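Trainee: Sharing a structure here in structure tokens format.
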Amino acid sequence: MNKIQFIKRLSERTGYKDTEIGLIVDTFIDIIGEELCKGNKILFYGFGHFVQWKQVERPGRNVKTGEPYQIPSRISVKFKAGKCLLEQLNTVSEHKRK
8 MNKIQFIKRL SERTGYKDTE IGLIVDTFID IIGEELCKGN KILFYGFGHF VQWKQVERPG
68 RNVKTGEPYQ IPSRISVKFK AGKCLLEQLN TVSEHKRK
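Using the numbering used here, you'd call the opening residue of the sequence shown number 8 and step up by one each time.
Written out as structure tokens, the structure is:
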């Protein structure tokens with residue numbers, strides 16, 4: 008599912024216009040980015056949390072030439088699924104396996 012499909016689904020479920028939902032989703036993404044830039048953790052109880060982490064510099068290899076090089080350190084984001092989301096995923100997976 009991409010962003011446009013997500014916005015349409017939210018619009019169908021809530022009755023709000025796509026443009027209104029689009030603004031809400033964009034604002035939601037902006038706020039998460041702002042808070043992560045400040046070093047804050049974003050926690051949605053039961054759903055999961057987003058946290059920034061620093062990937063350290065590490066060796067890499069150019070796939071075309073095979074030449075080694077150093078991949079610079081950078082800030083990245085991790086998402087850890089919460090208990091309710093994991094339970095929902097595992098319940099759906101069980102039904103699909105049967």
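Where is the CB? At the ideal position from N, CA and C, for every residue including glycine. Since the model is a prediction, treat every value here as computed from it, not as a measurement.
Nearest to ALA135 by alpha carbon, out of PHE35, VAL58, ASN69 and GLY46?
Mentor: Residue 135 lies beyond the residue range present for the chain, which begins at 8 and ends at 105; the question has no answer from this structure.
Trainee: Quickly, what does DSSP pair ARG16 with across the bridge? List them, please.
Mentor: Here the question's residue 16 lines up with position 9 in the sequence shown. Looking at the DSSP assignment, ARG16 forms no beta bridge with any residue, so it has no partner.
Trainee: According to DSSP, which residues form a beta bridge with SER144?
Mentor: Residue numbering for the chain in the displayed model covers 8 to 105; residue 144 lies beyond these limits and cannot be assessed.
Trainee: Are the segment 46-65 and the segment 80-87 touching by the rule of at least three beta carbon pairs closer than 8 Å?
Mentor: At 8 Å Cβ cutoff, the stretches touch.
Trainee: Tell me the rounded alpha-carbon separation between TYR76 and TYR23.
Mentor: To locate residue 76, count along the sequence shown from 1; it is residue 69. To locate residue 23, count along the sequence shown from 1; it is residue 16. Approximately 50 Å, taken between the alpha carbons.
Trainee: Could you round the C-beta distance between PHE35 and LEU92 to whole angstroms and report it? I think they count as a contact, below 8 Å.
Mentor: In the sequence shown, residue 35 corresponds to position 28, counting from 1. In the sequence shown, residue 92 corresponds to position 85, counting from 1. PHE35 to LEU92, Cβ: 17 Å. No contact.
Trainee: Sort out for me which residues DSSP pairs TYR76 with in a bridge.
Mentor: The sequence position of residue 76 within the sequence shown is 69, counting from 1. DSSP, once it has assigned bridges, lists GLY67 as partnering TYR76.
Trainee: In this structure, does DSSP put PHE35 in helix, strand or coil?
Mentor: Translated into positions along the sequence shown, residue 35 becomes position 28. It is helical.
Trainee: Where do the N-terminal and C-terminal ends of the beta strand (DSSP E) with PHE51 fall, by residue?
Mentor: By 1-based counting over the sequence shown, the position of residue 51 is 44. Where PHE51 is concerned, the enclosing beta strand (DSSP E) stretches over 49-51.
Trainee: For SER18 and ILE28, which I take to be in contact (beta-carbon distance under 8 Å), what is that distance rounded to the nearest angstrom?
Mentor: On the sequence shown, position 11 is the one that residue 18 refers to. On the sequence shown, position 21 is the one that residue 28 refers to. About 5 Å; that satisfies the 8 Å criterion.
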